[in-house]
Structures are given as C-alpha cells and as structure tokens.
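For the sequence shown, the positions run 2 to 142 when the working numbering is used. Ideal Cβ positions, reconstructed from N, Cα and C, are used throughout, including at glycine. Here the structure is a predicted model, which is why all the values come from computation and not from measurement. Worksheet: one structure, shown below.
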Amino acid sequence: MARIILEIPAVFSFTTEIAVTINYINYGAHVGNDSMLSILHEARIRLLKSHGFSELNIDGLGLIITDAAVVYKAEAYQGDNLEVSIAVQDPNKYGCDFFYQVIHKDSGKEIARAKTGCVFFDYNAKKVSEAPKSFKDLFFN
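Spelled out as structure tokens, the structure:
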C-alpha cells in the first residue's frame, strides 16, 4: 500500500499551543496515533471558539468529521509543547477541509501534518446542510 502524501498550505490562519500530557502517551512512550487526533480536535475546537462557534453550534448547525488523514514526521513526548496550526480550505456546498501542521515548539521539528474533512449537520432535521454563510464569509471571502 502506498504511503499517504499530504500537501499542506503555505499559510495557516490559526495557531495554538498544546502541551503533551501523560494521557497522550502510549506504550511506546510517545504520543499515540489516537492521541494525535485528540490534539487536532482540541486545536479545531479552539479555532472555532476564537470565532464564537462550537462544533455543535455554527449558526445552529453542527460540524461532523467525515474523514481524517495523518502523516507522522517525528515523535512527541510527555512534557513537549506543540504548536498546532490550522488552515480552513477546499470549501464545497456542505463543508470544507481543515489542514493541520504540528510543530515541536522548542526544536521547530515537524511532528505531524493532517487533514480532516467535514460537513455541516442539522441535528434537529438529522441531515447534512449547506455551510452557513457566516462560516463561508469568515474563511472563504
């Protein structure tokens, strides 16, 4: 099976720092693959919150992750501080993609890069919905 090659944007619109705590560490003594998804999730929530949104309320709609790809470049350990940068791109009628770059804050070494696809979801109607205008205006205009 071919390795995933993930091209990331040159410019990111949001960066946050996340400390690697012991709960992110697996039996290999480094951040586990499941924990990296949790770190990306935390960063995405912080991005949304910085604009007054949550994953359950972006103008009344929720955000559902439809796919995820992570490419690991180096290990991260308990006590490390990571900078997670996010770019929101590739809009479509119902969603978009979030691109991430995870950098070790002290060394500058790239730890991982990732992409998550999402759609907007109306939990009351139980259906995928068109991306809210406020979200499109914020990220794509």
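The beta carbon of D81 lies closer than 7 Å to those of V21, H105 in the same chain, with the five residues before and after it left out. For the options F54, T117, K50, Q90, the alpha carbon positioned closest to that of I65 is the one of T117.
When the beta-carbon positions are compared, F136 and I59 come within less than 9 Å of each other. In the displayed model, R45 falls within a helix according to three-state DSSP.
The region 19-102 contains, as complete alpha helix (DSSP H) runs of 4+ residues, the segments 34-51 (chain order).
In this chain, the alpha helix (DSSP H) harbouring S135 covers 134-141.
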